[in-house]
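**Q** Here it is: the structure, laid out below.
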Amino acid sequence: MSRPVSAHQGRFVPRTVKVRAPGKVNVSLKVGPLRPDGYHSVASVYLAVSLYEEVAATSTPTPGITVSISPDSTLELDGVDIPLDERNLAYKAAAIMAEVSENPTGVHLEITKRVPVAGGMGGGSADAAATLLACDALWDSGLSREELAHLAAELGADVPFSLLGGTAVGLGVGDKLSPALAKAQMDWVLVCADYGLSTPEVFHTLDRLRDAEGVDAAEPSEVDAQILQALRGGDPEALSRVLVNDLQRASIELAPQLRDTIGLGESKGALAGFVSGSGPTVALLAHNQAEARRLAEELGHLGHTALAVHGPVPGARITSDTLH
Ligand SMILES: C[C@](O)(CO)[C@H](O)COP(=O)(O)OP(=O)(O)OC[C@H]1O[C@@H](n2ccc(N)nc2=O)[C@H](O)[C@@H]1O
Ligand SMILES: Nc1ncnc2c1ncn2[C@@H]1O[C@H](COP(=O)(O)OP(=O)(O)OP(=O)(O)O)[C@@H](O)[C@H]1O
Numbered sequence: 099m100s101r102p103v104s105a106h107q108g109r110f111v112p113r114t115v116k117v118r119a120p121g122k123v124n125v126s127l128k129v130g131p132l133r134p135d136g137y138h139s140v141a142s143v144y145l146a147v148s149l150y151e152e153v154a155a156t157s158t159p160t161p162g163i164t165v166s167i168s169p170d171s172t173l174e175l176d177g178v179d180i181p182l183d184e185r186n187l188a189y190k191a192a193a194i195m196a197e198v199s200e201n202p203t204g205v206h207l208e209i210t211k212r213v214p215v216a217g218g219m220g221g222g223s224a225d226a227a228a229t230l231l232a233c234d235a236l237w238d239s240g241l242s243r244e245e246l247a248h249l250a251a252e253l254g255a256d257v258p259f260s261l262l263g264g265t266a267v268g269l270g271v272g273d274k275l276s277p278a279l280a281k282a283q284m285d286w287v288l289v290c291a292d293y294g295l296s297t298p299e300v301f302h303t304l305d306r307l308r309d310a311e312g313v314d315a316a317e318p319s320e321v322d323a324q325i326l327q328a329l330r331g332g333d334p335e336a337l338s339r340v341l342v343n344d345l346q347r348a349s350i351e352l353a354p355q356l357r358d359t360i361g362l363g364e365s366k367g368a369l370a371g372f373v374s375g376s377g378p379t380v381a382l383l384a385h386n387q388a389e390a391r392r393l394a395e396e397l398g399h400l401g402h403t404a405l406a407v408h409g410p411v412p413g414a415r416i417t418s419d420t421l422h
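Per this note's numbering, the very first residue in the sequence shown carries number 99; after that it's consecutive.
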């Protein structure tokens, strides 16, 4: 894509770079013991799904970073707490990019939110990944994908995957990624909750449950080959038999109604239902696209917010780059 310049005959000409980045589900999430740094080592299989965040980054003549949430967001955001200051992950991403860029301008970030907030689908992480890519273009920073991935890992465990997209195995804290060859589409229904769960609290709850049982968690070093095989072959039945999420019981401990949502989805025809990441979004695996649409509609009639999506989809991408 050509790179418009932002100054025209001495007059400041704002430039807007728009990037979209996907949310994710973890089709496999094995969690090891608590590490001294407060994180857990994981072995995860990420799948990027067709529910996208969008960040429009516009250069401003005055320095500084500002953030707003676009009215085009499709989420119900009343009563949802998204900080717009330096605690926002997109703000943090722009700040980190400004540090490594030679000529950063001020920037306004407008975020269109579609991924449930605190839903276990990496929505904030997608905003951060999109912002890294947008600011890299806006400020002609010229960072490689590897350099961007390195900055992404400083922002959060899920951020590198939203940059990469597709299907990937994540080791370390989820940030050490290896792309997996799995292009076949799988169809899902996401059942969104009207509340959030705190990711650290879900991890702490898992530690507490394990402590109470006297269980020493094993260090997860690899993912089950059957999962990758089912993804490669585009075989939802096979995948439904091997889906696993160690965090699920902790999420259910904090929000017991999740068990009912999973049970409802399975009774209405899903191959399998499970909590996405730290929850509370529930991901239901469908036989095919028509089934996913039918299931989403049926759950909608029962009063749930249910979305039919597919994956894998690509990671963060620039969708437009314009001078005003
Ligand atoms: C649950 C997952 O979404 C699965 O992909 C991720 O593991 C969470 O990734 P994330 O939200 O990007 O997490 P971060 O923002 O880096 O971390 C938030 C908090 O979650 C906990 N955390 C996160 C990742 C990890 N591997 N172990 C952890 O214990 C830590 O308490 C950490 O302070
Ligand atoms: N850009 C952002 N969008 C949403 N929440 C943000 C953002 N920046 C910071 N936050 C804060 O982070 C919390 C978790 O946000 P997020 O939507 O990323 O959770 P999540 O999808 O469950 O994360 P993950 O799946 O990566 O664990 C929110 O409750 C909010 O207070």
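C-beta: ideal position from N, C-alpha, C; glycine also. Since we're looking at a predicted model, the values are computed, not measured.
#1: Let me know the beta strand (DSSP E) ranges lying completely inside the region 158 to 237, each 3 residues or longer, listed in chain order.
#2: Would you say the beta carbon of M219 comes nearer than 7 angstroms to a heavy atom of ligand 2?
#3: Kindly give me the distance between the Cβ atoms of V289 and H402, rounded to whole angstroms, as I take these residues to be in contact under 8 angstroms.
#4: Does DSSP classify G375 as helix, strand or coil?
#5: Quick one: using the 10 Å Cβ neighbour count with 16 as the cut-off for buried, is F448 buried or exposed?
#6: Can we say the region 111 to 124 touches the region 213 to 232, given the rule of at least three CB pairs closer than 8 angstroms?
#7: Indicate the three-state DSSP secondary structure (helix, strand or coil) for S365 in the structure shown.
#8: Using C-beta distances below 8 angstroms, list every residue in its chain close to N201, excluding the 5 sequence neighbours before and after it, in chain order.
#9: In terms of residues, what are the limits of the alpha helix (DSSP H) holding P277?
#10: Distance, Cα to Cα, L275 vs L253?
#11: Does the region 256 to 268 touch the region 394 to 412, meaning 3 or more C-beta pairs lie closer than 8 angstroms?
#12: Quick one: Cα of D179 to Cα of E208, how far?
#13: Going by C-alpha distance, which of S166, Y293, E152, R185 is nearest A227?
#14: What does DSSP give as the partner residue(s) for Y150 in the beta ladder?
#15: Identify the residues that DSSP records as bridge partners of R113: which are they?
#16: Distance check for V198 and M99, CA to CA, integer angstroms please.
#17: Cα separation between N343 and E351?
#18: Report all residues from its chain with a CB closer than 7 angstroms to the CB of T297; omit the five preceding and five following residues, and keep chain order.
#19: Would you call R113 buried or exposed, if buried means 16 or more other Cβ atoms sit within 10 Å of its Cβ?
#20: Is R306 buried or exposed, if buried means 16 or more other CB atoms sit within 10 Å of its CB?
#21: Going along the chain, which residues of its own chain have a beta-carbon closer than 6 angstroms to the beta-carbon of Q324, five neighbours each way excluded?
#22: Should V205 and A155 be called a contact, given that it needs their Cβ atoms to be closer than 8 angstroms?
#23: Since V287 contacts A390 with CB under 8 angstroms, what's their CB separation in whole angstroms?
#24: Tell me the DSSP secondary structure of L405 in three-state form.
#25: Where M219 and E299 are concerned, what is the direct C-alpha to C-alpha distance, given to the nearest angstrom?
#26: Expressed to the nearest angstrom, what Euclidean distance is found between the alpha-carbon atoms of A251 and L304?
#27: Using DSSP bridges, identify the partner residues of H138.
#28: Quick one: which unbroken beta strand (DSSP E) runs of 3-plus residues sit fully inside the region 274 to 314? Chain order, please.
#29: Residues bridged to L382 by DSSP?
#30: List the endpoints of the continuous alpha helix (DSSP H) containing V340.
#31: Below 7 angstroms, is the gap between the Cβ of F372 and the nearest heavy atom of ligand 1?
#32: Counting pairs of Cβ atoms below 8 angstroms between the region 347 to 365 and the region 154 to 170, do you hit three or more?
**A** Once the coordinates are examined:
#1: 163 to 167, 204 to 210
#2: yes
#3: 5 angstroms
#4: coil
#5: In the structure as shown, the chain starts at 99 and stops at 422, and residue 448 therefore has no counterpart that could be examined.
#6: yes
#7: helix
#8: Only W237, D238 meet the Cβ criterion.
#9: It is not in any alpha helix (DSSP H) - P277 instead sits in the beta strand (DSSP E) that spans 274 to 277.
#10: 15 angstroms
#11: yes
#12: 16 angstroms
#13: E152
#14: BP columns for Y150 point to P120.
#15: L421
#16: Its pLDDT being 48, under 50, M99 is placed unreliably in this model, and the coordinates cannot settle the point.
#17: 14 angstroms
#18: S376, listed in sequence order.
#19: buried
#20: exposed
#21: V340
#22: yes
#23: 5 angstroms
#24: strand
#25: 16 angstroms
#26: 23 angstroms
#27: L132
#28: 274 to 277, 284 to 290
#29: V287, G371
#30: Segment 334 to 340, the alpha helix (DSSP H) holding V340.
#31: no
#32: no
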